[in-house]
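There are 2 protein chains.
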Amino acid sequence: MNEQKKSITMKDVAAEAGVSVGTVSRVINNEKGIKEVTLKKVQQAIEKLSYVPDEYARGLKTNRSNIIALLIPTIWHPFFSEFAYHVEKELLKNQYKLLICNADKDSKNEIEYIKLLEKNKVDGIIGITYSDIDKYVSSNLPFVSIDRHFSENVYYVTSENFHGGQLACRELVKRDCQNLAYISGVNKHLNETTERGRGFKAEAKQKNTNLYCLEMPEPLNQAEEQIRTFFEKHPQIDGIFTVNDFMALRVIKVLGEMGKTPVEDYQIIGFDGLRPAFDQPYLLSTIVQQIAQMAQAAVELLLKLIREEKIDQNVISLPVHFFEGNTTKKL
Amino acid sequence: MNEQKKSITMKDVAAEAGVSVGTVSRVINNEKGIKEVTLKKVQQAIEKLSYVPDEYARGLKTNRSNIIALLIPTIWHPFFSEFAYHVEKELLKNQYKLLICNADKDSKNEIEYIKLLEKNKVDGIIGITYSDIDKYVSSNLPFVSIDRHFSENVYYVTSENFHGGQLACRELVKRDCQNLAYISGVNKHLNETTERGRGFKAEAKQKNTNLYCLEMPEPLNQAEEQIRTFFEKHPQIDGIFTVNDFMALRVIKVLGEMGKTPVEDYQIIGFDGLRPAFDQPYLLSTIVQQIAQMAQAAVELLLKLIREEKIDQNVISLPVHFFEGNTTKKL
DNA sequence: CTGTTAGCGCTTTCAT
DNA sequence: ATGAAAGCGCTAACAG
Chain A
6 MNEQKKSITM KDVAAEAGVS VGTVSRVINN EKGIKEVTLK KVQQAIEKLS
56 YVPDEYARGL KTNRSNIIAL LIPTIWHPFF SEFAYHVEKE LLKNQYKLLI
106 CNADKDSKNE IEYIKLLEKN KVDGIIGITY SDIDKYVSSN LPFVSIDRHF
156 SENVYYVTSE NFHGGQLACR ELVKRDCQNL AYISGVNKHL NETTERGRGF
206 KAEAKQKNTN LYCLEMPEPL NQAEEQIRTF FEKHPQIDGI FTVNDFMALR
256 VIKVLGEMGK TPVEDYQIIG FDGLRPAFDQ PYLLSTIVQQ IAQMAQAAVE
306 LLLKLIREEK IDQNVISLPV HFFEGNTTKK L
Chain B
6 MNEQKKSITM KDVAAEAGVS VGTVSRVINN EKGIKEVTLK KVQQAIEKLS
56 YVPDEYARGL KTNRSNIIAL LIPTIWHPFF SEFAYHVEKE LLKNQYKLLI
106 CNADKDSKNE IEYIKLLEKN KVDGIIGITY SDIDKYVSSN LPFVSIDRHF
156 SENVYYVTSE NFHGGQLACR ELVKRDCQNL AYISGVNKHL NETTERGRGF
206 KAEAKQKNTN LYCLEMPEPL NQAEEQIRTF FEKHPQIDGI FTVNDFMALR
256 VIKVLGEMGK TPVEDYQIIG FDGLRPAFDQ PYLLSTIVQQ IAQMAQAAVE
306 LLLKLIREEK IDQNVISLPV HFFEGNTTKK L
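Laid out in structure tokens, this is it:
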């Protein structure tokens, strides 16, 4: 039943090629300074025996696994799955593999995971986390954070959130909106998304428009109810910016129930640039984050940390842009 | 700069506790038959030194990594990300971790990945793949397939796709549709999704309704164009079933451009039960696959394979149900 | 340029 | 119930 195929080791290859294990090891590791003819012999032996090096033995010596972990609230969300997609692509190019860790909103989970990861020796962590795990990331594992600023000397990648907020405001005003609204959930832990609102408000002030804000503490409860009440109180609102795309969809739904249609009755801009899958369009008019580039930057940063290379900037902030979808007037 | 914190080994713990490494090992592995007092001593030493066992050394001996790989076309798709989400949850309960492998439509990629995984000794693979990799999965790595039937003795998990097709037909007929359409893309490699169409057609025949089919070879090109032409040719169609939810969205879009509105002018049912994120609603009326249960079944099956436990059925087919969304009449 | 060899940290006999 | 010791397969330092 069980093939029990006694696995081929370096010793077997060495014997087959008539060289020593040291030489085989050198070939495996692409070291240079190996005579052409021995190289050939070894490669042939490897081929013939279809030898594959044992990663555990290797890891035991080198203390590297070539695995990095992505610590996210949940992979079941288009932002994170798109991000993960690109991270995996980028890692693969560098011979690294990707471990997915759903922290699931529960910061206890995150901490558990970080411990687990230390124990299991992943080579580094990319973490998108909205809770308080500062003390733990100060571990000696290379760590790159997304969208969240931890203690001073942590490396992180984010978008130009403040500018995104400004942009949203400008686009609405450009489309003749005079009574603006900003709608968001508010996490008790400060994070980069707050900047979106700050940018929007700042720009609204400068543009001298009316501004109404609905900022609901998270976890949200009866958000629909709150949104409805808000719009009943301020029926004059004609331009809306939300902290993210899903919030925008919620608002559109509530307003739909109130008999209002986007563009016709109001305009709305989301944030994130979510697409349900790689071949799907954006959900609505939105401020697009360059998720692929964020992933790329995060991986690059992390690999530099792992390789202990010099890093010139520990914060990378990527530009965003406006996408004109079907919830704002065409210009 | 570098903390160089020389890592704690079993030896250190043994010394601290005044026992031998063998004993420490036994404690780590929860072996029984250890004197209460020594157990305490060791546990305290572990605690005090915050010792964590080295997984490489362990793997070297035991040949297990407690990592399993999920081989999917892309994580950036709500079906796969939901599936992955549940797989991860299930694995975590069993102390396993999840490696994500995007094969990206390219079956060469898949094969590369499988080789990589053998080399890196994951303990098993769960694979959702729509290409021809039969020969490779016959490797001696425990493998569970989703939605695709490989060689005879492969283990796989799927939904009752045929029945789902029947169900869709019944629901449309129940809602007074007389002129049905089935719309799908067709992959050159047969897979379980074909059953959806077969079920639908079979039921349509039995119900004696008119049936029009649009089956477009994949990869799709100018699908919108084809769909439009199809409906121009058959304007009488009033009930549509598509092979999946995204195809339904496409159809709705095209029909929208032709001035037709769901429910009002036609009814449409998708397949999959996609939700963009865990707290989002279904996209439309659809035949819902129980993704969580599929993930659970797949993990259970795989763990049994890994543990070489007896398996009574190598095919698990899970029930589906109809969700009444806003693209069919309310009953 | 290549061979030899000492461990890496753990599990697992075999003794006791 | 515990200790002693032999490797698991590899890398890297040293020798030649």
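Just so you know, the protein sequences line up as chains A and B, in that order.
My numbering puts the first residue of the first sequence at 6, with every later residue one more than the last.
My numbering puts the first residue of the second sequence at 6, with every later residue one more than the last.
We put the CB at the ideal spot given by N, CA and C, even for glycine.
On a predicted model such as this, the values are computed, not experimentally measured, just so you know.
7 angstroms Cβ cutoff met for residue i and residue j
{"i": "D277/A", "j": "Q294/A", "result": "yes"}
{"i": "N125/A", "j": "E52/B", "result": "no"}
{"i": "I274/B", "j": "A173/B", "result": "yes"}
{"i": "I232/A", "j": "V259/A", "result": "yes"}
{"i": "L103/A", "j": "I105/B", "result": "yes"}
{"i": "V268/B", "j": "I188/B", "result": "no"}
{"i": "L185/B", "j": "T163/B", "result": "no"}
{"i": "G264/B", "j": "L289/B", "result": "no"}
{"i": "I133/B", "j": "I73/B", "result": "no"}
{"i": "V18/B", "j": "A50/B", "result": "yes"}
{"i": "R201/B", "j": "V159/B", "result": "no"}
{"i": "L323/B", "j": "V149/B", "result": "no"}
{"i": "P58/B", "j": "I311/B", "result": "no"}
{"i": "F246/B", "j": "R203/B", "result": "no"}
{"i": "G64/B", "j": "S55/B", "result": "no"}
{"i": "G190/A", "j": "M221/A", "result": "yes"}
DSSP-derived helix/strand/coil call for residue i
{"i": "I13/A", "result": "coil"}
{"i": "P83/A", "result": "helix"}
{"i": "T333/B", "result": "coil"}
{"i": "H91/A", "result": "helix"}
{"i": "E8/B", "result": "Any reading at E8/B is ruled out, since the residue's pLDDT is 37, under 50, leaving its predicted position unreliable."}
{"i": "G132/B", "result": "strand"}
{"i": "I242/B", "result": "coil"}
{"i": "L104/A", "result": "strand"}
{"i": "V57/A", "result": "coil"}
{"i": "V159/B", "result": "coil"}
{"i": "G23/A", "result": "coil"}
{"i": "E223/B", "result": "coil"}
{"i": "T151/B", "result": "Sequence inspection shows Ile at residue 151/B; the Thr mentioned does not correspond to that position. If DSSP states are grouped into helix, strand and coil, I151/B belongs with the strands."}
{"i": "G64/A", "result": "helix"}
{"i": "L44/B", "result": "helix"}
{"i": "S322/B", "result": "strand"}
{"i": "L76/B", "result": "strand"}
{"i": "I39/A", "result": "coil"}
Amino acids of chain B, ordered along the chain, whose beta-carbon sits closer than 9 angstroms to that of residue i
{"i": "E60/A", "result": "Y61, G64, S70, K124, N125 and K126"}
{"i": "F251/A", "result": "P281, A282, D284 and Q285"}
{"i": "K94/A", "result": "N107 and D109"}
Which listed residue (the options) has its alpha carbon closest to that of residue i
{"i": "L219/B", "options": "K238/B, F283/B and K212/B", "result": "K238/B"}
{"i": "E93/B", "options": "N226/B, I257/B, V304/B and E329/B", "result": "V304/B"}
{"i": "T266/B", "options": "I242/B, V18/B, A282/B and F251/B", "result": "I242/B"}
{"i": "Q211/A", "options": "Y118/A, Q171/A, Q227/A and V191/A", "result": "Q171/A"}
{"i": "F88/B", "options": "A282/B, T198/B and T333/B", "result": "A282/B"}
{"i": "T28/B", "options": "Q227/B, S12/B and Q48/B", "result": "Q48/B"}
{"i": "T67/B", "options": "K37/B, D128/B, S290/B and F236/B", "result": "D128/B"}
{"i": "K179/A", "options": "K335/A, K315/A and T198/A", "result": "K335/A"}
{"i": "N226/A", "options": "G244/A, N192/A, Y217/A and K113/A", "result": "N192/A"}
{"i": "F343/A", "options": "L307/A, T199/A, E223/A and L177/A", "result": "Outside the shown range of chain A (6 to 336) lies residue 343/A, about which nothing can therefore be said."}
{"i": "Q285/B", "options": "N35/A, W81/A, N34/A and Y271/A", "result": "W81/A"}
{"i": "Q183/A", "options": "H194/A, E21/A and Y217/A", "result": "Y217/A"}
{"i": "I151/B", "options": "F84/B, G38/B, G169/B and A207/B", "result": "F84/B"}
{"i": "L96/A", "options": "L97/B, N107/B and P240/B", "result": "N107/B"}
{"i": "I33/A", "options": "E21/A, L122/A and L44/A", "result": "L44/A"}
Listed by chain order, chain A residues near residue i by CB distance under 8 angstroms
{"i": "F283/B", "result": "T79, W81 and H82"}
{"i": "Y90/B", "result": "T79, I80, W81 and N107"}
{"i": "F148/B", "result": "Correct list: empty, because the minimum Cβ distance to chain A is about 14 angstroms."}
Interface residues of chain B facing residue i [CB-CB closer than 7 angstroms]
{"i": "Q104/A", "result": "The amino acid occupying residue 104/A in the given sequence is Leu; Gln does not appear at that position. Under the 7 angstroms cutoff, chain B gives K102, L103 and L104."}
{"i": "V57/A", "result": "E123 and K124"}
Under 7 angstroms by beta carbon: chain A residues contacting residue i
{"i": "S86/B", "result": "I80, W81 and S86"}
Q. Considering only residues of the region 162 to 215 of chain B, which uninterrupted beta strand (DSSP E) runs meet the minimum length of 3 residues and lie entirely inside it, listed in chain order?
A. 184 to 191
Q) What are the start and end residues of each continuous beta strand (DSSP E) run of 3 or more residues lying completely inside the region 244 to 271 of chain A, in chain order? A) 244 to 247
Q: Report the residue ranges of all alpha helix (DSSP H) runs contained in full by the region 282 to 319 of chain B; include only those spanning at least 4 residues, in chain order.
A: 296 to 311
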